[in-house]
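Quick notes on the structure that follows.
In my numbering, the protein residues as written are 10 to 160.
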């Protein structure tokens, strides 16, 4: 009886291990492969990191953090977008927020890839988040995929 129980436990462990070995990979892209679109122009996180960056200190929920990224105004110029009244920022999960031209062009409106000197990879908003001193924190869109031009 003892041998049978031991055999069944061993068989169960092997079955569990076999099930874990065949777990399909997740569909989430690696951070370095993250792509986002501004207007009709595609960008990558890797390309963004090669651009001249800025670090700004902003307060959210009573806590001041340092955000590092590229000014949205620079990226709009790179995408050839000059004439617009508003922008819609859209996350990977479909969440979106609109910002005005003034908010978009503010010197402290950036597409952020680092928080307090660390990549956003450990953050729920990784790997890219819009942050701005001029816009409401409700417009701070994480996992940013699209910046669409309004009227």
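Note that beta-carbon positions come from the ideal geometry of N, C-alpha and C, so glycine has one too.
Test item: CB-CB of residue i and residue j under 8 Å
{"i": "residue 159", "j": "residue 93", "result": "yes"}
{"i": "residue 45", "j": "residue 137", "result": "yes"}
{"i": "residue 54", "j": "residue 85", "result": "no"}
{"i": "residue 73", "j": "residue 62", "result": "no"}
{"i": "residue 81", "j": "residue 120", "result": "yes"}
{"i": "residue 50", "j": "residue 88", "result": "yes"}
{"i": "residue 91", "j": "residue 111", "result": "no"}
Residues bridged to residue i (per DSSP)
{"i": "residue 54", "result": "Answer by DSSP bridge pairing: none, since residue 54 is not bridged."}
{"i": "residue 153", "result": "100"}
{"i": "residue 143", "result": "DSSP lists no partner for residue 143."}
{"i": "residue 45", "result": "52"}
{"i": "residue 76", "result": "65, 124"}
{"i": "residue 158", "result": "96"}
{"i": "residue 138", "result": "121, 151"}
{"i": "residue 108", "result": "96"}
Sequence-distant residues of the same chain with beta carbon closer than 6 Å to residue i, five excluded per side
{"i": "residue 64", "result": "75, 77"}
{"i": "residue 155", "result": "46, 99"}
{"i": "residue 66", "result": "73, 75"}
{"i": "residue 150", "result": "98, 100, 106, 139"}
Cβ-based neighbour list, residue i, same chain, cut-off 7 Å, excluding 5 preceding and 5 following
{"i": "residue 97", "result": "105, 107, 157, 159"}
{"i": "residue 34", "result": "Note that residue 34 has pLDDT 46, beneath the 50 cutoff, so the model's placement of it is unreliable and the number below is only indicative. Same-chain partners within the cutoff: there are none."}
{"i": "residue 146", "result": "69"}
{"i": "residue 43", "result": "53, 54, 136, 137"}
{"i": "residue 109", "result": "95"}
{"i": "residue 115", "result": "141, 142, 143"}
{"i": "residue 133", "result": "151"}
Status (buried if at least 16 other CB within 10 Å, exposed otherwise) for residue i
{"i": "residue 102", "result": "exposed"}
{"i": "residue 118", "result": "buried"}
{"i": "residue 127", "result": "exposed"}
{"i": "residue 152", "result": "buried"}
Cβ separation of residue i and residue j, assumed to be a contact under 8 Å, to the nearest whole Å
{"i": "residue 141", "j": "residue 135", "result": "About 18 Å; that fails the 8 Å criterion."}
Sequence-distant residues of the same chain with beta carbon closer than 8 Å to residue i, five excluded per side
{"i": "residue 83", "result": "60, 61"}
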